[in-house]
Structures are given as structure tokens and as C-alpha cells.
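See structure below.
Structure below.
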């Protein structure tokens, strides 16, 4: 559990923390952290540590919130099952059953996720302090 939290939560926190001073100085910054649909469901026995580490990422430190007036915006993407190499390796019935649980009956594409990241980094000038779900309705 510690290793999972270290990789998925502590390392991004360090990167963000070390970037804040420069963002404040420039009066501009966009921070996007990632979470998982597993947070919503509490994870499974096999994914509890991962879901917990992603839940930590939904916590926005007060030091970041103080920078909103400096045009530093922070959002979290709660990402659902995505068509990646990881999920393509699952060649059994469980992934098909998992997809059936998604209301739109398909996995997200990596482009679906990338489109939101591009918007939040390049075009967003107002949305902050939000958890945006890209989960196909889950």
C-alpha cells in the first residue's frame, strides 16, 4: 500500500509543490491531477490500494487554493476504464463484464482523456477546484 501511495500520490504532490512558486511568480499555472472511478466504488480487494492512492489525489491542499487569485487553477480528472495496453492485456470475460457496467457500454479512449487535459491546460480560464469525471456515466 505504501509503495502505491508513494508512486500515485506523493510523487505528484512533490512535483506540484515544487512548481507552485514559479506559477505564482508568473501569475499563471494549470495543475491537473488524476483520480480513478475506483474511488467512487471503494475499489475491489485487488484495487483497494490503488483506489486509495487516487482518492488522496482528490484532496486539494489549502496552499494551492491560495494561488487561485494568481491564475493558478487546479482540477482533478476522475478517469474511468480506459482502452489502454493495461486493459488490452485482460483477455478474459471480466473486462467484458466490466464494460457492461459502464452506462455507455464502452471504455474511454486515450483521446477522450487527452481532450480534457488539453482543454484544461490550454483553454480553461475559470474552472478550478473541481473533480471532473470521465467515466462514461459511472
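Numbering (my numbering), first residue to last: 910 to 1047. Backbone N, C-alpha and C fix where the C-beta goes; we use that ideal spot for every residue, glycine too. Keep in mind the model is a prediction, meaning the values are calculated, not measured.
Worksheet item: Alpha carbon to alpha carbon, what distance is there between residue 947 and residue 979?
Response: 33 Å
Worksheet item: In terms of DSSP beta bridges, what is residue 1039 paired with?
Response: 984
Practice prompt. Quick one: residues in its chain with C-beta nearer than 6 Å to the C-beta of residue 992, no 5 flanking neighbours on either side, listed in chain order?
Written response: 1016 and 1018
Worksheet item: Can you tell which of 920, 954 and 1043 has the C-alpha that lies nearest to the C-alpha of residue 1020?
Response: 1043
Worksheet entry | Close-in-space but distant-in-sequence residues of the same chain around residue 1036 (CB under 8 Å, 5 per side omitted) | 982, 984 and 1029
Discussion item. Please tell me whether residue 951 and residue 959 are closer than 8 Å, where the distance is taken between their beta carbons.
Written reply: no
Worksheet item: Quick one: what's got a C-beta closer than 6 Å to residue 1013's C-beta in the same chain, skipping five residues either side?
Response: So the list reads 1045 and 1046, once near-sequence residues are dropped.
Practice prompt. Using DSSP bridges, identify the partner residues of residue 939.
Written response: DSSP lists 982 as partners of residue 939.
Item to complete: Hey, could you find the ends of the alpha helix (DSSP H) residue 947 is sitting in?
Response: 947 to 950
Discussion item. Using DSSP's beta-bridge definition, name the partner residues of residue 953.
Written reply: Paired residues: none, contrary to the question.
Fill in: Contact between the stretch 1003 to 1010 and the stretch 959 to 973 (3+ Cβ pairs under 8 Å)
no
Discussion item. Please state whether the Cβ-Cβ distance between residue 918 and residue 962 is less than 8 Å.
Written reply: yes
Practice prompt. With a 10 Å radius around its C-beta and 16 neighbouring C-beta atoms as the bar for buried, classify residue 987 as buried or exposed.
Written response: buried
Worksheet item: Taking the alpha-carbon positions, what's the residue 1011 to residue 943 distance?
Response: 19 Å
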